[in-house]
Amino acid sequence: MSQDSQSDQLNDQQQQEEEYNEEEEEEEEEFNEEEEEIKKTLDDELLDSAINRDFNRLKLLLIEKGANAFYNKRIEGVWGAYEEYGVIHKVLLGWDDMKEQMQAIELLLSKGANVNAIYGSNFIFKDVLQIDFKFK
């Protein structure tokens, strides 16, 4: 075999290895994106359960499914404006049943919800939580 054909064969082999490695990296990246999408969906479901005042669903998603109690949704606006809120905000502001509200807040806090979470662009719920829990 001539040196040129050996060199060509080596180059072909290296190129095939590089293509194989690139394909593996792309597949791993796709898998990570799919996994992240599943997690986002689960966290959005948790937020929806808070918006819909569904304590049983919220509990199921946090305890059995591993949803993220720390989850905040941020919606970008124009000129730097945005709306940001989390599960704890929706429970504090939207639930009429005080018993379920307290159970949900306690569960969220035990699962890592942030009492310093920002609502909108500057409202901190820690102050509301201190006031709310102080009188119960």
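The numbering of the sequence shown is the UniProt record's numbering, which starts it at 1 and goes up by one. For glycine and all other residues, C-beta sits at the position ideal for the given N, C-alpha and C.
DSSP beta-bridge partners of residue i
i     : result
Gly94 : Paired residues: none, contrary to the question.
Gly86 : Asn72
Range of the contiguous beta strand (DSSP E) that encloses residue i
i           : result
Asn52       : Counting along the chain, Asn52 falls outside any beta strand (DSSP E), and DSSP gives it neither H nor E.
residue 217 : Given a span of 1 to 136 for the chain in the structure shown, any question on residue 217 remains unanswerable.
Buried or exposed (CB count within 10 angstroms, at least 16 for buried), residue i
i      : result
Phe123 : With a pLDDT of 48 at Phe123, under the threshold of 50, the modelled position of that residue is not reliable, and the figure given next carries that caveat. It is exposed - the Cβ of Phe123 has fewer than 16 other Cβ atoms within 10 Å.
Asn21  : exposed
Asn68  : buried
Lys134 : With a pLDDT of 45 at Lys134, under the threshold of 50, the modelled position of this residue cannot be trusted, and the question is left open.
Ile75  : exposed
Lys136 : Bear in mind that a pLDDT of 46 at Lys136, under 50, signals an unreliable position, so the number given afterwards is only what the model happens to contain. That one is exposed.
Within 8 Å, strictly: CB atoms of residue i and residue j
i      : j      : result
Leu62  : Lys111 : yes
Asp43  : Tyr85  : no
Lys73  : Leu47  : yes
Leu107 : Lys59  : yes
Lys90  : Ala117 : no
Arg53  : Trp95  : yes
Same chain only: Cβ atoms within 7 Å of residue i, ignoring 5 sequence neighbours per side
i     : result
Val78 : none
Lys65 : Leu42
Chain-order list of residues whose beta-carbon lies under 6 Å from that of residue i (same chain, five-residue window excluded)
i      : result
Phe55  : Glu100 and Ala104
Asn114 : Phe70
Glu24  : none
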